[in-house]
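A.B. asks: So for the sequence shown, UniProt numbering puts the first residue at 1; every next one is plus one.
Have a look at the structure that comes next, please.
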Amino acid sequence: VHSVVFGGFSADSLGGRIIDAQSGILITADGVMRGPKPINLKDIADQAVEIAQSQGFAVKRTIVLMRLNDQAKCPYKWDKTRDVTWSEAVSTQSATCEPTWCDAEDPLFMLYTS
């Protein structure tokens with residue numbers, strides 16, 4: 001089950017969604033540009049993971065897409081026990097992905113309306 005979350009959410013909102021969905025894996029980008037301003041998504045994700053952890057839920061892995069790849073423009077911390085780059089995560093995967101058959105009533109994703 002996956003849950004897509006708006007990139008402009010606060011760490012508190014994201015932390016709440018992580019807890020609600022019981023997300024074991026969080027996928028984020030290091031950052032994005034909004035006009036001339038860099039937005040540090042990795043830092044927001046890290047804060048959200050800490051919020052979830054303070055409520056008793058631990059995210060096992062954070063997968064980070066290196067979009068800006070510029071520590072000077074978008075500095076963030078790296079947790080070697082939890083963080084992995086997107087390219088590292090997919091490099092060990094097979095090019096073939098067999099489907100997992102599910103019942104029509106099985107949950108696929110969580111989508112919040114606000």
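Cβ coordinates follow ideal geometry from the N, Cα and C atoms, glycine included.
For Val4, which of helix, strand or coil comes out of DSSP?
C.D. replies: In the structure shown, Val4 sits in coil (DSSP, three-state: anything other than H, G, I, E or B).
A.B. asks: Could you say which of Phe57, Ala21, Ile19 and Lys73 lies nearest to Lys42 if we only look at CA atoms?
C.D. replies: Among Phe57, Ala21, Ile19 and Lys73, the Cα nearest to that of Lys42 is on Lys73.
A.B. asks: Using only the alpha-carbon positions, how far apart do Gly7 and Gly16 sit?
C.D. replies: 14 Å
A.B. asks: CA-CA distance, Val64 and Pro107?
C.D. replies: 25 Å
A.B. asks: Go to Val90, then tell me how far its alpha helix (DSSP H) extends in each direction, as first and last residue.
C.D. replies: Trp86 to Ser91
A.B. asks: Which residues bound the alpha helix (DSSP H) around Arg17?
C.D. replies: Ala11 to Ala21
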